[in-house]
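Peer 1: Okay, here's the structure, questions in a sec.
Number of protein chains: 2
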Amino acid sequence: MKAEIIAVNSHLLRGQVANENARFLARELAPLGISINRSTILKDDAEDLKEALELAKKHSDLIVITGGLGPDKNDITKKALSEYLDVPLVLDNETQNRIISYHQNSGLTMPEYNQLQAMILMNSTLLENVTGLAAGFLYMQEDTTYILLPGPFDELKPMFLEQAYPLIVEELLDRPIFKTKKYSVYGLTLAQLNDRLSPLIQYEGNPFVGIYFEKDEAEIQITARASTEKEAEKRLNKTAKKVKEHIGDYIYGKDEKRLAHVVKQLLKEQGKKITAAESLTGGSFLDVISGEPESSEIFEGGVVTYSEHIKHNVLKVTTETLEKHGVVSPQCAIEMAENARHLFEADLAISLTGVAGPSSLEGEIPGTVWIGLAQEGKETFAKKFHFGYKRDRNRRNSVLSALNLARLTLLEEPIEDQVFLETKDEQ
Amino acid sequence: MKAEIIAVNSHLLRGQVANENARFLARELAPLGISINRSTILKDDAEDLKEALELAKKHSDLIVITGGLGPDKNDITKKALSEYLDVPLVLDNETQNRIISYHQNSGLTMPEYNQLQAMILMNSTLLENVTGLAAGFLYMQEDTTYILLPGPFDELKPMFLEQAYPLIVEELLDRPIFKTKKYSVYGLTLAQLNDRLSPLIQYEGNPFVGIYFEKDEAEIQITARASTEKEAEKRLNKTAKKVKEHIGDYIYGKDEKRLAHVVKQLLKEQGKKITAAESLTGGSFLDVISGEPESSEIFEGGVVTYSEHIKHNVLKVTTETLEKHGVVSPQCAIEMAENARHLFEADLAISLTGVAGPSSLEGEIPGTVWIGLAQEGKETFAKKFHFGYKRDRNRRNSVLSALNLARLTLLEEPIEDQVFLETKDEQ
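Chains as they are written, first to last, in the working numbering: chain V, 861 to 1287; chain F, 861 to 1287.
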């Protein structure tokens, strides 16, 4: 089955707002075995939409149209589709009642074209909007299925997942059973991942095996479909095993859990608390940790010691270390981690010190970073990293590497190239 | 003049990577008076591209095609365009030499189809790729102009700005003079901005007046064009004045400077340093401040005191304040700001304490936030904010509001609804 996504939205077209819808829909449809043929953004113009529909019908079985369902005179989607298919629009009473009571309760004036939001094609299946007002619908004509969804992402997402998705599976796909595994990956570029997984990747096969990239984290999704649970499970596991053989060392989580979330979960399970003393990352690590909901269970605070002076005055890094070894050193990283652990009474403390760039520091090039890790009852260590020349990327990669060190430590996995103070002093 | 953007990229189409190109190009073209008709993402398929070109030619004078210029057999863009226009591809020798020496110097194997990257249409104008290998070009046939750009954003952006843009102005637009002003805005929603500026906004007029949204910050761009510098300047200033009359209070910067950057610049000019003590925002404020290049001139460190215990132990917030007023209080915000200012020896200290959500705290609903501000020689104050129910948004809005308070303070602008400790105690 082939699909096409058409967004009717002059704002999007002009780049006024970011486009989240098309990416979300593509990621949801492909694992179902529905490949995306084309994705188009149109301005709010009925003739343009009709022309795009004509083209889409030639190539695709499913046409998903987003946006233009609102109460404004520029919202042309429903009317244009009605004219194109020659099927009248009818009022959905339940939606209309919701719109009226919403305006009564909120004291807002009903817009002139408010009824437009409650209209659906005659004999279509209503897709209720639980987070907004405009109704969506699914309509079939001849061999083509049309799905209309609202433009705002926080309305489109629940409408698609809760209402359109089950209808697609039931009415368009003979109700297959889907089984999915998602692996989060850190430490491989897109090219390296493609290379390692190339015999397994398939965006149109069964199982579906796809790679998605967000900043510097990748996600592998495997979705198997079959007519029974057992068969789907079997297919899924067979492919998952092969994926792990190829990139097992780089997988840090399953089911959409991102690195910070994995660390939070491990801390929670082990009843431990984390803190950090940050230099070059200036609060990014603490920000990511505290960004997790319920982080108060695993986090009480931390410190940013950006200058040498504050490293000494607030965090009590010794003058000897600062003068003899400098801030881009394992000694500094180790003292920062140990002192932060005591100051914030945590079980685990991370420290980050190094050169974010664009300038060099203490003769070290941008991207040189020492990460320290102190934990109760174990010897504190530091590890050296080399990233690149870009400031933002160095900060982001430092945080991800620190999270990964915390993860490996909590899992009691081996960590390569640890530097301990004794080892260093003996040299 | 009307334009269409066609991306040839199966990765984009499948949502594997984020789409930055189309938004960037739309934002660059519209102010030139070139309105965007349609934006399409296609898979790597020559027939699909030819069909899209046929459609685009019917509606647009300028067709910008991105992606598919690489050395892979899936990179079909150049060959498909050559066939469609019936114009042969020729080798650009300089590009070819660069490709060969790149592979020799890096020790990498030349891909089989590497020559594809150095091909351009006969009689087209070369667009050199200064950050990558694949050449782009501009070609005119009858009334249509075709511009080919590489897919990776860090190659496309400089090629467009440095080479395509001047050619467009010179060859397609009779060399008008452009004058642009950009205003950053905080504190108005997209709807409120549209409302206030509705008589002025025009995406196809002269001056161009457009609104762009990124997270919760907006940017207004005004671009005037004329045949002389003086006339363009005059038109620009006339419209800029009107924009300021409507939303002057919400403008915090010009020329693409974001709020954190504006604060950094003000601190730098005044030779001041900033610090922060963060609770609900958990390091986000420090992260944003230290994220600015050269932030070491204005920032030495700060603290995250997420728990009550750490607020008391590390930041010395008094037991009396914590027990009598709680952490969601002006008293707590004021003590946090003052103590942070002394601990980190800063001129200005921000504190953030409140309820991020999803749970309530001390009977206060999510989104209730107190921000404190301490500065040398002035009385410390706190200000109460109410955001919404969403955790991430509350954290982000808290940071933006804190930056804005710092900005207003540095500018010695009046700040409404300040709460001082004496005032509060008298009540």
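Yeah, the Cβ is synthetic: ideal placement off N, Cα and C, and Gly gets one too.
(1) Determine, using beta carbons only, whether residue 1150 of chain F comes closer than 8 Å to chain V.
(2) If you measure from the beta carbon of residue 969 of chain V to each beta carbon in chain F, is any gap under 8 Å?
(3) Can you tell me which of the three DSSP states residue 1284 of chain V falls into?
(4) In whole angstroms, give me the CA-to-CA distance for residue 1099 of chain F and residue 1023 of chain F.
(5) Please classify residue 1026 of chain F as buried or exposed, where buried requires at least 16 neighbouring CB atoms within 10 angstroms.
(6) Could you please give me the residues that DSSP links to residue 1000 of chain F through a beta bridge?
(7) My assumption, with CB atoms under 8 Å, is that residue 1174 of chain F sits in contact with residue 1165 of chain F. Please give the rounded CB distance.
(8) Looking at the structure shown, is residue 1035 of chain V part of a helix, part of a strand, or coil, going by DSSP?
(9) Taking Cβ-Cβ distances below 7 Å as the criterion, which residues of the region 1163–1181 of chain F are in contact with chain V?
(10) Less than 8 Å separating the beta-carbons of residue 1220 of chain F and residue 1193 of chain F?
(11) Name the DSSP bridge partner or partners of residue 1072 of chain V?
(12) Roughly how many angstroms lie between the CA atoms of residue 1201 of chain F and residue 1123 of chain F, to the nearest whole one?
(13) At a Cβ threshold of 8 Å, is residue 1232 of chain V touching chain F?
(14) Quick test of your reading: residue 992 of chain V and residue 1009 of chain V, contact by CB under 8 Å. State the CB separation rounded to the nearest angstrom.
(15) Starting from the beta carbon of residue 1266 of chain F, find every residue of chain V whose beta carbon is closer than 8 Å, and list them in chain order.
(16) Need the endpoints of the alpha helix (DSSP H) that residue 1151 of chain F sits in, please.
(17) Tell me the residue span of the alpha helix (DSSP H) that contains residue 1229 of chain V.
(18) By alpha-carbon positions, which one of V:1260, V:1225 and V:1274 ends up nearest to residue 1250 of chain V?
(19) Using a Cβ-Cβ cut-off of 8 Å, state whether residue 900 of chain V counts as contacting chain F.
(20) Am I right that residue 1073 of chain F and residue 1191 of chain V are in contact with their C-beta atoms under 8 Å? What's the rounded C-beta distance?
(21) Is the shortest distance between the beta-carbon of residue 897 of chain V and the beta-carbons of chain F less than 8 Å?
(22) Can you find a C-beta in chain F that's less than 8 Å from the C-beta of residue 1204 of chain V?
(23) When DSSP builds the beta bridges, which residues end up paired with residue 1044 of chain V?
(24) Can at least three beta-carbon pairs, one atom from the region 1231–1242 of chain F and one from the region 1152–1168 of chain F, be found at a separation below 8 Å?
(25) Considering Cα atoms alone, identify which of V:1147, V:1120 and V:1061 is closest to residue 1261 of chain V.
(26) What do you reckon, is the C-beta of residue 916 of chain V under 7 Å from a heavy atom of the ligand ATP?
(27) Which same chain residues end up closer than 8 Å to residue 983 of chain V when comparing Cβ atoms and leaving out the 5 residues on each side of it in sequence?
(28) Counting along the chain, where does the alpha helix (DSSP H) carrying residue 865 of chain V start and finish?
(29) Does residue 1123 of chain F come within less than 8 Å of chain V when only Cβ atoms are used?
(30) Under 8 Å, with one C-beta from each stretch per pair, do the region 936–956 of chain V and the region 970–990 of chain V reach the 3-pair mark?
(31) Quick check: the region 1273–1280 of chain V against the region 1241–1258 of chain V, are there 3 or more CB pairs under 8 Å?
(32) Chain F partners of residue 1110 of chain V, CB-CB under 7 Å?
(33) Just confirm the distance between the C-beta atoms of residue 1041 of chain V and residue 1082 of chain V, as a whole number of angstroms; I'd bet it's less than 8 Å.
(34) Give the straight-line distance between the Cα atoms of residue 1178 of chain F and residue 990 of chain V, rounded to the nearest whole angstrom.
(35) Short of 8 Å Cβ to Cβ, which residues in the region 1072–1086 of chain V face chain F?
(36) Could you work out which residues of chain V lie near residue 908 of chain F, taking near to mean beta carbons separated by less than 9 Å?
Peer 2: Short version:
(1) yes
(2) So, not an interface residue.
(3) In this prediction, residue 1284 of chain V has a pLDDT of 45, which is less than 50 and means its spatial position is unreliable; what the coordinates show is noted afterwards. In this structure, residue 1284 of chain V counts as helix in the three-state DSSP scheme.
(4) 29 Å
(5) exposed
(6) F:1005
(7) 6 Å
(8) coil
(9) 1163, 1164, 1165, 1166, 1167, 1169, 1170 and 1174
(10) no
(11) Looking at the DSSP output, residue 1072 of chain V shares a beta bridge with V:1079.
(12) 17 Å
(13) Chain F, which has no Cβ nearer than 8 Å to the Cβ of residue 1232 of chain V, makes this no.
(14) Actually they are not in contact, since the Cβ atoms of residue 992 of chain V and residue 1009 of chain V sit about 11 Å apart, beyond 8 Å.
(15) Those do not exist, as residue 1266 of chain F stays about 16 Å from chain V at its closest Cβ, beyond 8 Å.
(16) Annotation for residue 1151 of chain F: the continuous alpha helix (DSSP H) segment containing it runs 1144–1151.
(17) Here residue 1229 of chain V belongs to no alpha helix (DSSP H); instead the beta strand (DSSP E) covers 1228–1235.
(18) Nearest C-alpha to residue 1250 of chain V: V:1225.
(19) At least one CB atom of chain F sits nearer than 8 Å to the CB of residue 900 of chain V.
(20) About 47 Å; that fails the 8 Å criterion.
(21) yes
(22) yes
(23) V:1079 and V:1113
(24) no
(25) V:1120
(26) The ligand ATP is absent from the structure shown, which contains no ligand whatsoever.
(27) Hits under 8 Å: 947 and 999.
(28) From DSSP, residue 865 of chain V is part of no alpha helix (DSSP H) but of the beta strand (DSSP E) over 862–868.
(29) no
(30) Yes: the two stretches touch, three or more of their Cβ pairs being nearer than 8 Å.
(31) yes
(32) None at all; the shortest Cβ gap to chain F is about 17 Å.
(33) 5 Å
(34) 46 Å
(35) Answer set for the region 1072–1086 of chain V: 1072, 1073 and 1074.
(36) 897, 898 and 919
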